[in-house]
Amino acid sequence: MKLVRYLSSVPLFLVGVLLALYGLVALLYTGEGGHPGSTYVTLSGRHFDAHRVGAVSLLVALAMIVAGVAVVRRRLFHS
543 MKLVRYLSSV PLFLVGVLLA LYGLVALLYT GEGGHPGSTY VTLSGRHFDA HRVGAVSLLV
603 ALAMIVAGVA VVRRRLFHS
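Here the sequence shown is numbered in the numbering used here, starting from 543 and rising by one per residue.
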């Protein structure tokens, strides 16, 4: 049963780490002109501020990483 908990938490943890890296890049990237307000991300054909997308990505990544660790520690889900 421990193996199942570890295998179920690995995707949560890895996707959380990748999303956190994306969020950091979105927050730190200032564009080619160096103007902080000139960066945007296109999602479903709409433009969003890259810094806001980065902040939301970091929050979601934090939740995913915490959920992955909680699955391993059995605090969130009891088997």
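C-beta atoms are modelled at their ideal positions from N, C-alpha and C, and glycine is treated no differently.
Quantities reported herein were computed from a predicted structural model and do not represent experimental measurements.
- Applying the criterion that 16 or more other CB atoms from any shown protein chain within 10 Å of the CB defines a buried residue, is S551 buried or exposed? buried
- Item | Whole-Å CB distance - T581 paired with A592, under 8 Å assumed | 4 Å
- Between which two residues does the alpha helix (DSSP H) carrying Y564 extend? K544 to L570
- Task: Return the CA-CA distance between G558 and M606, expressed in angstroms with no decimal places.
- Result: 5 Å
- Query: Of the residues R588, T572, V595 and A612, which one's Cα is nearest the Cα of Y564?
  - Reply: V595
- Message: Considering just the uninterrupted stretch of the beta strand (DSSP E) at R615, what are its terminal residues?
- Response: Taken as a continuous stretch (DSSP letters only), R615 belongs to no beta strand (DSSP E), being part of the alpha helix (DSSP H) at A592 to R615.
- Extent of the continuous beta strand (DSSP E) to which T581 belongs: Run containing T581: none; DSSP gives neither H nor E here.
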